[in-house]
Amino acid sequence: MNDEYILDMKKITKTFPGVKALSDVSFACRYGEIHALLGENGAGKSTLIKVLSAAFQPDSGEIYFKGKLFAHQNPISAQQAGIGVIYQEFNLVPYLSIAENIFLGNEPVTKAGLVDRKKMDSAAEEILKGLGLNLNVRTSAHKLSVAEQQMIEIAKTLSLNAELIVMDEPTATLSDHEIEFLFSTILRLKQQGKTIIYISHRLEEIFRVCDRVSVLKDGKYIGSKDVSDIDKEILIHMMVGRTLSDYFPVNKAKRGDKVLEVKNLTRKGVFKNISFDVYEGEILGLSGLVGAGRTEVVRAVFGADPFDSGEILMYGKPLKIRKPINAIRNSIGFATEDRKQQGLVLGLSVKKNITLTVLEHIRKYFLLQMKKEKALVNYFIKTLKIAAKDQDVLVRTLSGGNQQKVVLAKWLAHDSKVLILDEPTRGIDVGAKTEIYNLMRELTKKGKAIVMISSELLEVIGISDRIIVMNQGRFTGELSAENATEEAVMKFAIGGVE
Amino acid sequence: MKEKTLTNSRYHNRIEFSSFFEKYGMLVVLGVLFLACSLISSVFLRPSNLFNITRQVSVIGIISIGMTFVILTGGIDLSVGSVYAFATLVITGLKHLGAVPAAVIALVISMVWGLLAGILVTKGRLQPFIATLGLMTGVVGFGLTFSRGQPILGAPEGLKFIGQGTLFGIVPFQSILFIITAAAAHIILNRTRLGRHVYAVGGNEEGSRLSGISVDNVKITVYVVSSFLAGFAGVITANHMNFGEANIGSGMELDAIAAVAVGGTTLGGGSGGAAGTVIGVLIIGVLNNLLNLINVPGYTQKIVKGVIIIAAVLLQSVQENRKK
Ligand SMILES: Nc1ncnc2c1ncn2[C@@H]1O[C@H](COP(=O)(O)OP(=O)(O)OP(=O)(O)O)[C@@H](O)[C@H]1O
Ligand SMILES: [Mg+2]
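Residue numbers (the working numbering), protein chains in the order written: chain B, 1206 to 1703; chain W, 9 to 332.
Structure, rendered in structure tokens:
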């Protein structure tokens, strides 16, 4: 075998009932490089990784790891052989300590056969130090932030001496400074001689940390390039097969009447005196660092969480919102950031998820009209380019980005006057992002008002007509589209008040 | 254009064995069992025997349909046997009011039991297992008090045909009621808003709440449906056997749960359905019939049934795992 490559996956094919997720994909990775794996939603990236980690068995094809045939029947033996995967959903046990989580299933034992806690704690400390982290290893996992949990997942792979570490969309749930820390960790790992496969839809990141990039499209391998040889346009062309001109739509809608007004909304210990309003035809961006309380505020507006004081008005009329249904009846929709726990019923089909909020409108007497339902769903599958075999496949089997599109479709179908979108493009590929931005603009042209939360600064600035910024549960500033620069938003986000 | 064909080519429509089996697995099991029975016993295929089976499964079948609703939401209803028995007492005990009023009162009281279970589960935040376990015991107690511990003999005249009657002299009326119940349940679960809500709540409660579904109302409704159908089954039995008894339903909740599970509805909720339950009921019913036809002793029958229930559910979970 060629000893330049730590990993050489050859002609991997993997089919699911009715879908060819990977066909004849060959993918190779050099020792010590950071290798980006890119492609549109449903291209097969996650599937390729699951084949590598033996979570899936391929139909055909071979994997060589460090020059030797790598054939494992289950993820545990693949891990022990030196491949560590950090999936987007973490697998930490909430009430075990950091050290216990790192060594879960791999605990050092004393001669008597008991867990050697001392040794475990000191080994865990050692690993965390190597990652530049200063955490008490006895802290239980549920007290950690998302970014810290991710670091523990990385530590876990290191405890098993992983030489190849795969990260599937690691930055999707991180705030900007957490992303910086992750990057420094990744570079540190590289210095220590580890090889890293990095999956992300945020192309800027690729140019910041990656050495090489490989692209998949529709389950096929398109090619590999050195990052230094390409630019963003070439990359997008490789991924979507065409160039994308306008990233953010420019023609904005006319601003109409004030639709929603939130006055002095307060929830003790979470957010205080938050006021904002949205007009017809307007996209209001809600910005701030992760943990600033943005999601908490919109959840309260929607009735998902209670609040202590404050008022919510629609066209000047006060609303009584105590449950989500009250908000929905008053024509407020809310696409949540967490699709698995809150946005979707994973065990139901694409169709049944999309129409869950609109069953009223597709029924006649008591019966749902299947034809009408089918047509409605078809429309959204087409406009959002949801990659699914048909309407009846379970949402569980869709790729991450396509699941996100289903969440959006569900609330777009509801056609409410005010639409709250929490991280709407999380995990969505570049092409589809533009599609979604266009759709948001279309909606505002029909007089809808949109409130959008996004941790991607460029996105908030690019799409919003107005931006309000929060820091630690408080309002810190408001910016019009003209004045919104990255610096200006960041200044408010880290707490600077006007 | 080229892009389009590329995308389409990924989705091939070959129906694979695994996905076929996944969908129709238990139907295949029923078919095989049916075939085996007809080979083992010469009596099995006689119309009289076949209709005998459909009559025997009707009452437990109706109760299992109700149980399906509850299990689909991720709950469980242990009180169905008691509610069923209580209904037999009400209709026989109130026979002086006439058949129809007595039956209506029996059904209404059954629904009240369900309402109670639903409120305990939702507003009282009790685990369904505990809430309905309490109800299961309590209702039998009420029944024993009401009947002074004795069976109540004689159902009122006027509705006996629903328990004893036949259509064309051979099709048991009970079986027709079972089929109607199952068909109605199938339509409700698949074609109505309530049905969609039942699946959504069972699949993801928080997600359902955030979609504007009143989770509590859905849950209360399924317990009322379950108790109503248990009471309906009780009315049939009282008219069939011509008596009522407080303990007549003991163990039926477990038979119903077994039928639902064999029929492919997962106990965690969110997937399965009425059609599966009908098949589950038939599998157990046909098996019972066969064991009787070939004179397997009662104790052994229990062992065989236990094994079959576990094997059927195991088969489904193996399939589930293979999909991953
Ligand atoms: N368990 C499964 N059962 C059936 N189909 C599946 C399963 N897992 C993945 N697929 C299908 O395989 C294809 C590739 O999915 P995969 O998750 O690998 O995409 P991806 O490149 O990771 O996309 P994303 O960027 O959206 O995460 C999709 O069409 C998906 O629907
Ligand atoms: Mg993926």
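The beta carbon of each residue, even a glycine, is placed where N, CA and C say it ideally should be.
A Cβ-Cβ distance of about 5 angstroms is found for the pair Thr189/W and Ile73/W, placing them in contact under the 8 angstroms criterion.
With a threshold of 8 angstroms, the Cβ atom of Lys1250/B counts as near ligand 2, since some heavy atom of the ligand is closer than that. Leu1524/B has a beta carbon lying at 9 angstroms or more from every beta carbon in chain W. Counting every other CB atom within 10 Å of its CB across the protein chains shown gives Ser1228/B a total of 16 or more, marking it as buried.
Scanning the stretch 1359 to 1411 of chain B from its first residue to its last, the whole alpha helix (DSSP H) runs of 4-plus residues come out as 1381 to 1396. Between the stretch 83 to 94 of chain W and the stretch 112 to 127 of chain W, the count of C-beta pairs closer than 8 angstroms reaches three or more; the two stretches touch. When DSSP states are grouped into helix, strand and coil, Arg156/W belongs to the coil group.
At a beta-carbon threshold of 7 angstroms, the residues of chain B lying near Ser279/W are Gly1552, ordered along the chain. Annotation for Leu1603/B: Gly1247, Val1555, Ile1591, Ala1592, Ala1593 and Val1611 place their beta carbon closer than 8 angstroms to its own, counting only its chain and skipping 5 residues before and after.
For Ala1509/B, the C-beta contacts it makes with chain W under 8 angstroms involve Arg217 and Leu218, in order along the chain.
Distance between Ile291/W and Asn297/W, taken at the CA atoms: about 10 angstroms. Separation of the CB atoms of Ser1258/B and Ala1283/B is rounded to 5 angstroms, and the pair is thereby assigned contact status at 8 angstroms.
Restricted to the stretch 1646 to 1694 of chain B, the beta strand (DSSP E) segments that are unbroken, complete and at least 3 residues in length are 1654 to 1658, 1671 to 1676 and 1679 to 1685, listed in chain order. Taking Ser118/W as reference, the option from Val321/W, Ala93/W, Val206/W and Phe251/W with the minimal CA-CA separation is Ala93/W. CA-CA distance, Asn1558/B to Leu1581/B, rounds to 12 angstroms.
The stretch 1657 to 1668 of chain B makes no contact with the stretch 1564 to 1575 of chain B: fewer than 3 CB pairs, one atom from each, lie closer than 8 angstroms. Bridge pairing for Met1214/B: Phe1232/B and Ile1268/B [DSSP]. Between ligand 1 and the CB of His1406/B, the shortest heavy atom gap is smaller than 8 angstroms. Residues of chain B whose Cβ lies closer than 7 angstroms to the Cβ of Tyr307/W do not exist; the shortest such Cβ separation is about 39 angstroms.
In this structure, Gly1606/B has its beta carbon less than 8 angstroms from a heavy atom of ligand 2. The nearest non-hydrogen atom of ligand 2 is 8 angstroms or more from the C-beta of Asp1229/B.
Glu1565/B has a beta carbon lying within less than 9 angstroms of a beta carbon in chain W. A Cβ-Cβ contact shorter than 9 angstroms links Gly1538/B with Ser1621/B. Any Cβ of chain B closer than 9 angstroms to the Cβ of Thr76/W would place that residue at the interface, and such an atom is absent.
Spanning the alpha carbons of Gly151/W and Glu214/W requires a straight line of approximately 38 angstroms. Listed along the chain, the chain B residues whose CB falls inside 9 angstroms of the CB of Ala208/W are Val1550, Leu1553, Lys1557, Asn1558 and Leu1561. For the options Ala1260/B, Thr1218/B, Glu1294/B and Tyr1236/B, the alpha carbon positioned closest to that of Gly1266/B is the one of Thr1218/B.
For the pair Arg1671/B and Ala1686/B, the CB atoms are nearer than the 9 angstroms cut-off. Remark: C-beta atoms of Thr245/W and Val67/W approach each other more closely than 9 angstroms. Using a Cβ-Cβ cut-off of 9 angstroms, Arg1393/B is close to nothing in chain W; its nearest Cβ partner there is about 34 angstroms away. At least one beta carbon of chain B lies nearer than 9 angstroms to the beta carbon of Gly211/W. In this structure, DSSP gives Asn1469/B an extended state, which the three-state scheme calls strand. The straight-line gap separating the alpha-carbon atoms of Leu1336/B and Thr1390/B is approximately 6 angstroms.
Listed by position along chain W, the residues whose Cβ is nearer than 8 angstroms to that of Pro1529/B are Arg217, Leu218, Ser219 and Gly220. Neighbours of Thr200/W in chain B, taken as residues at a C-beta separation under 8 angstroms, are given in chain order as Arg1568, Phe1571, Leu1572 and Leu1573. With a 10 Å radius around the Cβ and a threshold of 16 neighbouring Cβ atoms, Asp1213/B comes out buried.
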